[in-house]
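Chains as they are written, first to last, in this note's numbering: chain A, 1 to 163; chain B, 1 to 453. Every residue, glycine too, gets a C-beta built ideally from N, C-alpha and C. Since the model is a prediction, treat every value here as computed from it, not as a measurement.
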Amino acid sequence: MSFEIIGISSSLIEKQAITEIERCNEFTAEFGLALSPSDAAELVEARNIALKSNGRIEFGGGAIHKIIREFCDSPYISMHNYAETIHELTEMFYYYKNETLDLMSDDDLIKFMKNSFDGKCQGSLELLSGRELANMARNLRYGYPPDYSEDPMPDEEDEDGEY
Amino acid sequence: MANIDKQHVIESNKLSGEQYFTSILQGAYANGLLCDSDMENIQLQCIQLLANICERYSGGESSSIRVEAAENIMKSNLYTIGLYLKSLPDVDFAVNEIKKASVSEMYQKGRKLINVRLHSAKHIYNLVRKNKLFTPNYSYNSTINEGIGSFFKAYDPDYEAHETPASIDYQLCNPVTNMIGIEFILKYLENLFLENEFCRGFAPEDIHHMLYGYDKGYKDLLINIFEQVLTAALGCSLANRNVVELDISAEEIRHLHYELSEYDDCSLSLKLRKAAGKMLEELNADSLPLKRYIERSMPKIITNILHAVRMNTLNKTFISKALPDLKPRIRFLSGTKMHDEDYRKLIDELLMCRHSPDKLALIKEKVKSFGDLEDLLFDAQLSEEETDSVFDILEDVEIAALIRRHPFRTDIQAVDLSEGEMALRQYLKNYIDRLPKGKQEEIFEMADRLIDE
């Protein structure tokens, strides 16, 4: 009899997760976004891979539906990149759960991701992962607030659009 | 009439004490008491329990946790359930309980049991602190004062019930095996309490003198005081001496050796058991748990004595008391070392200096502390003659301090020492050997009395 929990992915838990994701279509429809059953299944599969590669375990539906709920009103997500973006955001989410040493709750991390994605990153997943989340994780590890910056100059353009 | 033990399908002595629940499941499955569907059901319930506790662990703020943390929580849950099952009358009861009760129910009962055990452990810990022996032995004192105390601060019965976060250096005569977590601490404290209770039948100074006879530096040794005291008391009982005083002379030990070597193993162990009974009578030890504990310790002690009798080393097992040396001590202070920068300059100068008299003059002029001189003997690459001339300018007490710090009469193998250390010890030995006999003795005596700070 084995109690090794790394292999736990009972079909029951997966089915529950797929149903939860499909149910998200009810409120994403007003933004013109929807996931097909196969998209939902792929997303759950991607979540399992992300969990395994990051050495984490999740019980129940998990964080995907929270990510969908938060990101569905983003101006940078449309039907043509919806599934792909949620897929990448899910991977990013679990990676940075580890990188932040679990110091940030799911909700706070997703909110930070959303604000950065819509704000400084202007829809760029590369900037979100490589810069904003990486900086935030480093700040948390060194005991600074998540949005702490050593650079006194804001890296935004001035009012006239000049540097 | 011999004891009649009930026969069980699962042999309880083959079950793991540390992983009781899993080993009982394995045994029950192997013996057909639980079928595949039962096992699957139990596994699923365990996962459900894990999910609930993980949610509590993350404070509901995180839907996922690290696998290591989840595995640790799973171990803790299984341990808690095992603790409850162990509290049932026998293995058959435990298997029935596994069949009837849900995993969550068993966990809750185990969790309550941990609270009870934790409370008992705290109580016994207070008793142990009260009946603690007055001894300079470091491992004994640090284990009782800090080692076990830290357990009660760090133990986490919800998520790490199986861990034993205590620093326990002091080894018992009957080590606690096959137990972890709160069970281990409780058993360890119970045993330690009994050991203390026995040793408190003797005066602390008698124990101190006996252990001093065992080894002058016993305060730093990882020895079990109870074992030494029990053996010594047994020796006194065999030699018809007053047990309470733990006083047996070297002559009596020699006599005992002649007497005991006549016996074969079986009759010798019988004689030792009789002597133990007599010793307990003399000590008025009528506590039943203590008698049982001594009974459990006897095989180890008998083996030691048998071995000593056969190897003619009884004087190492039965110890004659020795009075600590009460001669005045010499306190040696090394002085303040010079600044690193100045020291580096001096070494550079010495390395560049060609003539030995110049080197000596430089050392005489610049070196003002013993610590610097000691460093210099390693760093300045002096030849044996040059080192000898440095030794010549030192006072006897400084030579004695060097001997204390770099003893050449030790059991340490040359391979364990650095090249510089080996050379220094050799030069020092050669230097001392050249001194007149009387002077040598004077310096060695001084080294013995030195308290180096």
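Cβ separation of residue i and residue j, assumed to be a contact under 8 Å, to the nearest whole Å
| i | j | result |
| --- | --- | --- |
| B/I180 | B/E281 | Not confirmed; about 38 Å, so no contact. |
| A/I64 | A/L43 | 6 Å |
| B/L192 | B/L172 | 6 Å |
| B/L428 | B/F444 | Their Cβ separation, rounded to whole angstroms, is 12 Å, which puts B/L428 and B/F444 out of contact at 8 Å. |
| B/L133 | B/R200 | 7 Å |
| B/Q381 | B/L351 | 7 Å |
| B/I81 | B/V67 | Between B/V67 and B/I81 the Cβ distance is about 21 Å, and since that is not below 8 Å, they are no contact. |
| B/N137 | B/Y218 | 6 Å |
| B/L234 | B/I301 | 7 Å |
| B/V95 | B/L33 | 5 Å |
Whether residue i touches residue j by CB criterion (8 Å)
| i | j | result |
| --- | --- | --- |
| A/F95 | A/N48 | Per the sequence shown, the amino acid found at residue 95 of chain A is Tyr instead of Phe. In this structure, A/N48 does not lie closer than 8 Å to A/Y95 by Cβ. |
| B/T143 | B/Y170 | yes |
| A/N245 | A/R56 | Because chain A in this structure spans residues 1 to 163, residue 245 of chain A falls outside the shown range and cannot be described. |
| B/T456 | B/I207 | Residue 456 of chain B cannot be examined here, being either before or after the span of chain B that is shown, 1 to 453. |
| A/L140 | A/L101 | yes |
| B/G27 | B/I10 | yes |
| B/E442 | B/D388 | no |
| B/N72 | B/L49 | no |
| B/R254 | B/D247 | no |
| A/E91 | A/A41 | no |
| A/P145 | A/F112 | no |
| B/L417 | B/F378 | no |
| B/L360 | B/V390 | yes |
| B/I42 | B/L25 | yes |
| B/V243 | B/M210 | no |
| A/F93 | A/L103 | no |
| A/E58 | B/S37 | no |
| B/V116 | B/H8 | no |
Cβ neighbours of residue i in the same chain (closer than 6 Å, five flanking residues each side left out)
| i | result |
| --- | --- |
| B/L346 | K366 |
| A/A34 | N25 |
| B/I393 | none |
| A/G123 | Y76 |
| B/I451 | R329, R331 |
| B/P157 | I114 |
| B/P204 | F134 |
| B/S23 | L15, S16 |
Near the ligand COA: residue i beta-carbon under 7 Å from a heavy atom
| i | result |
| --- | --- |
| B/L283 | Summarising the ligand content, the structure contains no ligands, and the ligand COA is consequently not present. |
Interface residues of chain A facing residue i [CB-CB closer than 7 Å]
| i | result |
| --- | --- |
| B/A61 | According to the sequence shown, residue 61 of chain B is Glu rather than Ala. Result: S105, D106. |
| B/C54 | F59 |
Cut-off 7 Å between Cβ atoms - residues of its own chain near residue i, not counting five sequence neighbours on either side
| i | result |
| --- | --- |
| A/G7 | Low local confidence applies: a pLDDT of 47 at A/G7 is under 50, so the model's placement there is unreliable, with the coordinate-based value given in what follows. Result list for A/G7: empty, nothing under 7 Å. |
| B/G335 | K368, S369, F370, G371 |
| B/Y84 | M106, K109, G110, L113 |
| B/T317 | T231, N304, I305, A308 |
| B/E160 | N72, S76 |
| A/E162 | With a pLDDT of 47 at A/E162, under the threshold of 50, the predicted position of this residue should be treated as unreliable, though the coordinate-derived value follows. No residues qualify anywhere along the chain. |
| B/V128 | I144, L189, L192, F193, N196 |
| B/F226 | C173, E195, F198, C199 |
| B/S120 | L186 |
| A/S9 | Caution applies to A/S9, whose pLDDT of 48 falls short of 50 and renders its modelled position unreliable; the value that the coordinates give is listed next. Same-chain partners within the cutoff: N48. |
| B/C54 | I65, A70, I73 |
| A/S129 | M92 |
| B/Y20 | G82, L85, K86 |
Residue from the options with nearest C-alpha to residue i
| i | options | result |
| --- | --- | --- |
| B/Y188 | B/G201, B/E197, B/N174, B/R200 | B/N174 |
| B/A250 | B/L314, B/Q26, B/Y140, B/D342 | B/L314 |
| B/K271 | B/E295, B/L238, B/K300, B/I98 | B/L238 |
| B/A401 | B/F391, B/E295, B/A447, B/M422 | B/A447 |
| B/G213 | B/L25, B/F198, B/E163, B/V229 | B/V229 |
| B/F198 | B/S320, B/S167, B/V95, B/D286 | B/D286 |
| B/Y155 | B/L127, B/V128, B/K122 | B/K122 |
| B/I403 | B/S63, B/E163, B/I432 | B/I432 |
| A/S105 | B/I81, B/I65, B/A69, B/N131 | B/I65 |
| B/A166 | B/E295, B/I182, B/G147 | B/G147 |
| B/S150 | B/I182, B/D342, B/V176 | B/I182 |
| B/E40 | B/F152, B/K364, B/I98 | B/I98 |
Contacts that residue i makes with chain B (C-beta to C-beta distance below 8 Å)
| i | result |
| --- | --- |
| A/G62 | S63, S64 |
| A/K97 | S62, S64 |
| A/D102 | S58, S62, I65, R66 |
Contact set between residue i and chain B, taken where Cβ atoms lie within less than 9 Å
| i | result |
| --- | --- |
| A/Y94 | S64 |
| A/L51 | S64, V67 |
7 Å Cβ cut-off: residues of chain B touching residue i
| i | result |
| --- | --- |
| A/I57 | S64, I65, V67, A70 |
| A/D73 | Going along chain B, no residue has its Cβ under 7 Å from A/D73, so there is no contact; the nearest lies around 22 Å. |
Neighbourhood of residue i by C-beta, 8 Å cutoff - its chain only, sequence neighbours within 5 removed
| i | result |
| --- | --- |
| A/S74 | K114, F117, D118, G123 |
| A/R69 | C24, F27 |
Below-8 Å beta-carbon distance, residue i vs any chain D residue
| i | result |
| --- | --- |
| B/D92 | Of the chains in the structure shown, none is chain D; the protein chains are A and B. |
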